[in-house]
Amino acid sequence: MKKTFSFIIASFMMLASCSPSGKFSKEEAQKIAVSWKLITNFTDVDGVFQAKFTIKNGGNIALNDKNWTLFFNMSPRPIQTNKTPEPAIVEHINGDWYKLKPGKDFKLNAGDSITINYTGTEGVIKETDAPMGLYFVFYDNDGKEQDIVEVANYTVEPFTTKEQILRGKMDLEPLPTAELRYNQNLVMSTLGTDQLQKIFPAPVKVVNSAGTFNLNNETAIYFEAGLEGEVKYLSEKLKTLTGKDYQPKSGLPATAGTNDIILKSGKIQVNGASREAYNLGINGSGVTITGNDAAGVFYGIQSLLALIPLEIYQKPAATIALGFTQIEDAPRFYFRGLHLDVSRNFQTKESVKRILDLLATYKINHLLFYTTEDEGWRVEIDGLPELTKVGAQRQHTTGKETSVLHPSYGSGPFANAEGKYGSGFYTKADFIEILKYANERHIKVIPELNFPGHARAAIKSMEARYERLMKEGKEKEANEYRLIDPDDKSVYLSAQGYKDNVVSVARESTYHFFEKVVDEMAKMYKEAGLTMDTFNTGGDEVAEGAWTGSPMAAKLIKENPEIKSARNLQSYFFRRLVPRLEKRNLKIHGWEEIALTKTPAGKYLPNPEFVGRNVVPYIWNNVFDVDLGNRLANSGYQVVLCNVTNFYFDMSYNNDPKEPGLYWGGFVSTWDNWAFAPFDMFKTTFSTGMGKPMKEEFVGKEKLKPEARKNILGLEAELWAETIKGRDMMEYSILPKLLGFSESAWSKERTWETIEDKTTRDKAIAAGWNIFANSIAQKEIPRLSYLNGGYNYRLPLPGAIVEGGMLKANVDLPGLDIRYTTDGSEPTAQSALYSAPVKVSGIVKLKSFDKAGKSSRASVVEAK
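So that you can map any letter, position 670 of the sequence shown is 673 in our numbering, and since no number is skipped, the others follow by simple counting.
Laid out in structure tokens, this is it:
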């Protein structure tokens, strides 16, 4: 994933116990209680946290220094050496896999408790950072694994103090309080319905006029040839809203009717763009959608559906009143994408299809489907069964050297465990079904095989294949797809804490494997009736130190002295890979490193050798190398902007400990997704991950040249899945952020993007955001409760203060209701509605509610 050594914490503990006979049983083991507490991020050394485990032995048999180890996952953070002896030691194994092992003379008798303190690098501020997936492994007298038992009684103590919520003295973010939210929200104001944006993302031009067209049971739908898929989609959506089975009519009506919907093609150009452009007209004769292509018609349909009143989504009706309007629209960028990681934590086929429906609704037309990673391989590949037999499941193993994927992200010790999301894959039939479903919604699925780093699932799978075939005496076949130098002694640590996730670029079998996967993927596209014309090669985050201890790499460098050193082998790999993909007529996408070279000092510079060769780098890094996207575009590369400060959906909204997500790149809200100037990113990059204002960082940096604007191919939002567990959490992380992103990707340039004076620009941004925030709160967010069966989305906590015994409250998405209680109970849709300052006493709890009845978490203030 794009990030830096962005570790999040996790160090959970488990239960264990024994029977009187000395043999551990599950029942006894589950009587061992474990709790974990973050003590402080403000230690003697900046950037170091202190935490502790407490283990209470409720079983019958003592734990000693040889009969147990506690395993768990935590976002990878280097563990510090204890300054003073502790009864047990936390050790990093690999990736986010850790263990707590007893020290010499450890003893925990039945009924006793013990506390183990430890320290680690980088602050920990989230409940989702806490250790997870805890399980005990018990050993017999010979040190062999005897039993594996998951911890059943585990507690994470709450984060309540400044020392727990901020990341140390370097953290400049304010504490997340109800009062802070209230003061921040004072700039917002509630708008009337006549001031709201009606369609998301906003069309280029909308002209409304007096009059209403009634879509009803008499309405006929006509469509031109080539629009069969579009008319089928529209008919199904209208049936849901009206209850009527429509029988669309091929061709156009002989005479103009007064109750028709017409879908047709025609030459359309809007704001200089033709591709995906459409006109939508609603008048006394009915509805006409004219698209420059089928995609344009499809997006016109989405705008029509957006104009249908919320009340119809809430309670379908036979008649739908639509105001007269004329809309001209086309996208600002052709490439509008979402990257969806299903490797770190798996999502079902059905959940992926729900996301495709969501993307279609907001006119997003690319899905970068991230199905291979260190922690999982998720697509069946003919001829390489180990990729899913080994690479699609995680389970306990004796160490990182075995040909097994160890637990990650709390997946636990057992493969295919319910509710753990560590195991799972798409069969060929599943993958083909996803491709077809996406294509019907004008979404191109781009597959990715991330090499040479981020490759551990593939490496372990091919090692299992190698071992199987060697046992069968098939040495040549065993080596056909092997991915490592078995004598490699390189020492490195990847951004996610892996010590063994980089393939050997000196083996021909590595390239053969890549080609095999690409060719099998292409076959699946063909079976879906499609042509795979784009492939993402990943190429990011190869750790410093990779290949330095590889005899095969050393031989390669000796035979090719122009390579010079191991740090240039990543460029060498891509140089050899590109012609193989070009031969297959593929556009080659990848992370920014594919278009970079390294200086001897390790600094990245644009690599001119792939300019003009259909090589498209995706740029995430705008905080550690602030002008990288500009430099690559100015160098002639077409680029996709994925700025972490604006488009990383896995970044948490804020530093509230209960708000899930990562934060190494800062905090990212719907406002950040919306407030983005793609041709002048410095204007909308505001602070570092620690909350330090970014201004000096832009001095002397390269701006985007006017002639390079054409090289901004488009924008992509990213959902990495380290903290994403299941469908609901995935949707919560995407919504409503996707609404802000779609506005940046589709809608025309906002006026504030070109204002140079910061004070004037900030005022314009604030005014534009107030309209957008009101619009999504009052209209679009509640519609999400009914689209495609309803989505799980986030609503903001209210801000609140009590002054002189008077409660004052507000919310950052005006138009949401605020309800409150004063008796300690959780507010419901029947609780008191806040409309003006009101006298209160005691503990006040407040929640925001939308028109669908969905609520936020509670804010709490106290009237003293």
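Note that CB positions come from ideal geometry on N, CA and C, so glycine has one too. Remember, predicted model here, so these are calculated numbers, not experimental data.
Close Cβ partners of residue i (< 7 Å) along its chain, the five nearest in sequence each way excluded
| i | result |
| --- | --- |
| Pro609 | Ala598, Leu599, Arg634, Leu635, Ser638 |
| Lys857 | Ser788, Leu798 |
| Thr726 | Thr131, Asp653, Pro663, Gly664, Leu665 |
| Gly299 | Ile271, Glu279, Ala280, Tyr281 |
| Lys463 | Val393, Gly394, Ser406, Val407, Leu408 |
| Gln350 | Arg730, Met733 |
| Met524 | Pro450, Met535 |
Helix, strand or coil at residue i [DSSP, three-state]
| i | result |
| --- | --- |
| Lys567 | coil |
| Met693 | coil |
| Asp760 | coil |
| Ala598 | helix |
| Gly301 | The question names Gly, but residue 301 in the sequence shown is Phe. Note: Phe301 maps to helix in three-state DSSP. |
| Tyr185 | helix |
| Asp248 | coil |
| Leu496 | coil |
| Gln149 | strand |
| Lys34 | coil |
| Met732 | helix |
| Arg339 | strand |
| Ile315 | helix |
| Val843 | coil |
| Trp380 | strand |
| Arg468 | helix |
| Ser24 | Note that Ser24 scores 43 on pLDDT, short of 50, meaning its location in the model is unreliable and no value can be drawn from it. |
| Met3 | Lying outside 4 to 867, the shown extent of the chain, residue 3 is not represented and no answer is given. |
| Leu631 | helix |
| Met173 | coil |
| Met524 | helix |
| Gln83 | coil |
Contacting residues, own chain, Cβ-Cβ under 6 Å from residue i (five flanking each side not counted)
| i | result |
| --- | --- |
| Ala205 | Ser750 |
| Leu559 | Ala509 |
| Gly425 | Arg397, Ser414 |
Between the CA atoms of residue j and residue i - distance to the nearest angstrom
| i | j | result |
| --- | --- | --- |
| Ala309 | Glu806 | 42 Å |
| Gly694 | Leu169 | 11 Å |
| Val847 | Thr824 | 6 Å |
| Val619 | Phe139 | 46 Å |
| Met555 | Ser493 | 12 Å |
| Thr84 | Leu408 | 27 Å |
| Lys86 | Pro611 | 50 Å |
| Leu849 | Leu836 | 10 Å |
| Glu89 | Asn348 | 34 Å |
| Thr911 | Asn813 | As displayed, the chain neither begins before 4 nor continues past 867, which places residue 911 out of reach and without an answer. |
| Gln317 | Ile311 | 11 Å |
| Ala333 | Asn274 | 7 Å |
| Phe417 | Ser672 | 36 Å |
| Tyr429 | Ile821 | 43 Å |
| Asp47 | Gly171 | 10 Å |
| Lys55 | Glu865 | 31 Å |
| Ser818 | Leu800 | Per the sequence shown, the amino acid found at residue 818 is Gly instead of Ser. Straight-line Cα distance between these residues: approximately 13 Å. |
Neighbourhood of residue i by C-beta, 8 Å cutoff - its chain only, sequence neighbours within 5 removed
| i | result |
| --- | --- |
| Leu584 | Val521, Phe538, Thr540, Ile591 |
| Lys242 | Asp248, Tyr249 |
Rounded Cβ spacing between residue i and residue j (contact assumed at less than 8 Å)
| i | j | result |
| --- | --- | --- |
| Pro319 | Leu244 | 5 Å |
| Gly62 | Glu31 | 4 Å |
| Phe652 | Ala720 | 6 Å |
| Phe372 | Pro450 | 6 Å |
| Gly808 | Gly413 | Actually they do not touch by this definition, with Cβ atoms about 45 Å apart. |
| Asn773 | Met191 | 6 Å |
| Phe471 | Asp503 | It should be noted that the sequence gives Arg, not Phe, for residue 471. With 8 Å as the limit, Arg471 and Asp503 do not qualify as a contact, their Cβ atoms being about 20 Å apart. |
| Ile285 | Ile224 | Their Cβ separation, rounded to whole angstroms, is 14 Å, which puts Ile285 and Ile224 out of contact at 8 Å. |
| Leu283 | Glu227 | Between Glu227 and Leu283 the Cβ distance is about 16 Å, and since that is not below 8 Å, they are no contact. |
| Pro179 | Asp659 | 4 Å |
| Ser497 | Gly542 | At roughly 14 Å, the Cβ-Cβ gap does not stay under 8 Å, so Ser497 and Gly542 are not in contact. |
Min CB distance residue i to chain B below 8 Å
| i | result |
| --- | --- |
| Leu718 | Absent from the structure is chain B; it holds one protein chain and no more. |
One or two residues paired with residue i in a DSSP bridge
| i | result |
| --- | --- |
| Thr537 | Lys590 |
| Pro105 | Ala91 |
| Phe226 | Gly254, Leu266 |
| Glu662 | The partner list for Glu662 (beta bridge, DSSP) is empty, contrary to what the question assumes. |
Closer than 7 Å: residue i CB and nearest the ligand GDP heavy atom
| i | result |
| --- | --- |
| Phe56 | Looking at this structure, you won't find the ligand GDP or any other ligand, since it has none at all. |
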